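Read in order, the letters of the sequence shown correspond to residues -3 to 96 in my numbering.
We put the CB at the ideal spot given by N, CA and C, even for glycine.
Fair warning: this is a prediction, and the values are worked out from it, not measured in the lab.
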Amino acid sequence: MEKEEKKAFTFYANSVNIKIGIYDVMLKFSFREPSSETKDKEDSIDNLDYQLVNVVMSPQHALVFSKLLSKMLKRYEEEVGQISLPKKMLKDIGLGDENE
């Protein structure tokens, strides 16, 4: 009797919101539609996000995940080249001078 292989879902996410509690870390992945900058409040960013999946893990798992991801990105940059990020975007998410 063959074991039935279950296939995982694959999503493309270009946005993540991180929530942290005392026992859990939640990564809320979404797809954000590109839009033009408008002053109209009706076109708020919430109206352009498509929630895809929530990933919940322990703080310990999240820390190991963070270290492994950093290691893999460093290796990627060594092989392919530096990943450049817009300074304004880093400032907007509170990472202003950390990656310069």
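DSSP state of residue i mapped onto helix, strand, coil
{"i": "Leu86", "result": "helix"}
{"i": "Leu44", "result": "helix"}
{"i": "Ser80", "result": "coil"}
{"i": "Leu23", "result": "strand"}
{"i": "Lys15", "result": "strand"}
{"i": "Ser62", "result": "helix"}
Bridge partners - residue i, DSSP secondary structure assignment
{"i": "Phe7", "result": "Beta-bridge pairing links Phe7 to no other residue."}
{"i": "Met163", "result": "The chain is shown from -3 up to 96; residue 163 falls before or after that span and cannot be answered."}
{"i": "Val49", "result": "Phe25"}
Residue i to residue j span [Cα, whole Å]
{"i": "Lys67", "j": "Glu74", "result": "11 angstroms"}
{"i": "Ile79", "j": "Gly90", "result": "18 angstroms"}
{"i": "Leu44", "j": "Met53", "result": "27 angstroms"}
{"i": "Pro30", "j": "Leu64", "result": "30 angstroms"}
{"i": "Phe7", "j": "Glu1", "result": "19 angstroms"}
Close Cβ partners of residue i (< 8 angstroms) along its chain, the five nearest in sequence each way excluded
{"i": "Gly77", "result": "none"}
{"i": "Ile14", "result": "Val21, Met22, Leu23 and Lys24"}
{"i": "Leu69", "result": "Ile79"}
Short CB-CB distance (under 8 angstroms) between residue i and chain C
{"i": "Glu73", "result": "Within the model displayed, chain C is absent; a lone protein chain is all it includes."}
Contacting residues, own chain, Cβ-Cβ under 7 angstroms from residue i (five flanking each side not counted)
{"i": "Tyr46", "result": "Ser26 and Phe27"}
{"i": "Asn10", "result": "Phe27 and Arg28"}
Touch test, the region 80 to 88 against the region 52 to 61, Cβ-Cβ under 8 angstroms, three pairs minimum: no
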